[in-house]
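A short worksheet on the structure shown next.
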Amino acid sequence: MKEEKIERLAQLLYSTMPQMRRDFVAPPHHKEEKLPRHAVFSLLILQKMKKVSMSELAQRLGVSNQQMTRIVKELEENNALVRETDEKNRRQVNVSLSAEGKALAESYAKKAMDAFRNKLNVLNEDELDALAYHLEECIRLTQKTETRHP
Numbered sequence: 001m002k003e004e005k006i007e008r009l010a011q012l013l014y015s016t017m018p019q020m021r022r023d024f025v026a027p028p029h030h031k032e033e034k035l036p037r038h039a040v041f042s043l044l045i046l047q048k049m050k051k052v053s054m055s056e057l058a059q060r061l062g063v064s065n066q067q068m069t070r071i072v073k074e075l076e077e078n079n080a081l082v083r084e085t086d087e088k089n090r091r092q093v094n095v096s097l098s099a100e101g102k103a104l105a106e107s108y109a110k111k112a113m114d115a116f117r118n119k120l121n122v123l124n125e126d127e128l129d130a131l132a133y134h135l136e137e138c139i140r141l142t143q144k145t146e147t148r149h150p
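With this note's numbering applied, the sequence shown corresponds to residues 1 to 150, in that order.
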């Protein structure tokens with residue numbers, strides 16, 4: 001019985017994740033825009049964190065350090081961020097948004113929120129409350145699995 005429930009949860013998660021990523025997680029993106037999605041995600045992360053090491057940013061994005069280097073280079077070429085060596089640890093490189101990067105991040109954040117509103121606007125208030133409750137429960141329960149090791 002428990003094994004069947006675990007299999008059902010796995011099927012539900014694997015079928016739901018692509019749709020969630022496409023419809024809710026991925027930033028709004030159009031082919032004519034010059035920044036790839038990972039660069040947009042980087043802007044949005046830096047908007048919240050202000051300054052972060054490149055390795056931590058890579059970890060948050062789920063990309064390799066080599067990929068992060070390419071993403072940061074592209075954002076630098078677009079004058080969106082500043083790269084600087086950490087004063088305490090010369091091997092660590094930190095990145096932060098430039099003034100242009102802050103404006104760009106704000107623009108993408110607004111587009112993302114508008115897209116989110118458009119998607120969720122079809123739900124009534126009770127449905128929105130139910131979705132929020134179930135997502136919070138999902139987070140709580142998945143965090144519980146992180147502390148247990150078989």
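Every residue gets a Cβ at the ideal spot worked out from N, C-alpha and C, and that includes glycine. In this text, all values refer to a predicted model and were calculated from it rather than measured experimentally.
I need the straight-line Cα distance from residue i to residue j, nearest angstrom please.
| i | j | result |
| --- | --- | --- |
| Val82 | Ala99 | 10 angstroms |
| Tyr133 | Gln143 | 15 angstroms |
| Glu137 | Thr145 | 13 angstroms |
| Asp114 | Asp86 | 36 angstroms |
| Tyr14 | Lys88 | 43 angstroms |
| Arg90 | Ser55 | 14 angstroms |
| Arg37 | Leu61 | 10 angstroms |
| Lys5 | Leu141 | 15 angstroms |
| Leu208 | Lys34 | Nothing about residue 208 can be read from this structure; the chain reaches only from 1 to 150. |
| Met17 | Glu7 | 15 angstroms |
| Leu123 | Ser107 | 25 angstroms |
| Lys102 | Leu12 | 37 angstroms |
| Lys127 | Gln66 | It is worth fixing the name first, because residue 127 is Glu in this sequence and not Lys. Cα-Cα distance, rounded: 42 angstroms. |
| Glu3 | Glu84 | 50 angstroms |
| Asn121 | Ala105 | 24 angstroms |
| Glu125 | Leu135 | 15 angstroms |
Tell me the DSSP secondary structure of residue i in three-state form.
| i | result |
| --- | --- |
| Lys51 | strand |
| Glu77 | helix |
| Val40 | helix |
| Arg91 | coil |
| Val82 | strand |
| Leu97 | strand |
| Ser15 | helix |
| Ser107 | helix |
| Lys144 | helix |
| Met1 | coil |
| Val63 | coil |
Compare the C-beta of residue i with all C-beta atoms of chain D and state if any pair is closer than 7 angstroms.
| i | result |
| --- | --- |
| Ala103 | No chain D appears in this structure, which consists of one protein chain only. |
Which word fits residue i, buried or exposed, when buried means at least 16 other C-beta atoms lie within 10 angstroms of its C-beta?
| i | result |
| --- | --- |
| Leu9 | exposed |
| Ala80 | buried |
| Leu46 | buried |
| Leu131 | exposed |
| Ala58 | buried |
Less than 8 angstroms between C-beta atoms, sequence neighbours within five positions excluded: which residues of the same chain meet that for residue i?
| i | result |
| --- | --- |
| Lys110 | none |
| Ser64 | Ala58 |
Here's a check: name, in chain order, each residue in its chain whose Cβ is nearer than 6 angstroms to the Cβ of residue i, leaving out the five neighbours to either side.
| i | result |
| --- | --- |
| Asn78 | none |
* Would you call the segment 51 to 71 and the segment 87 to 96 touching, i.e. three or more CB-CB distances under 8 angstroms? -> Segments in contact, yes.
* Asked: Contact between the segment 69 to 77 and the segment 37 to 45: three or more CB pairs below 8 angstroms?
  -> yes
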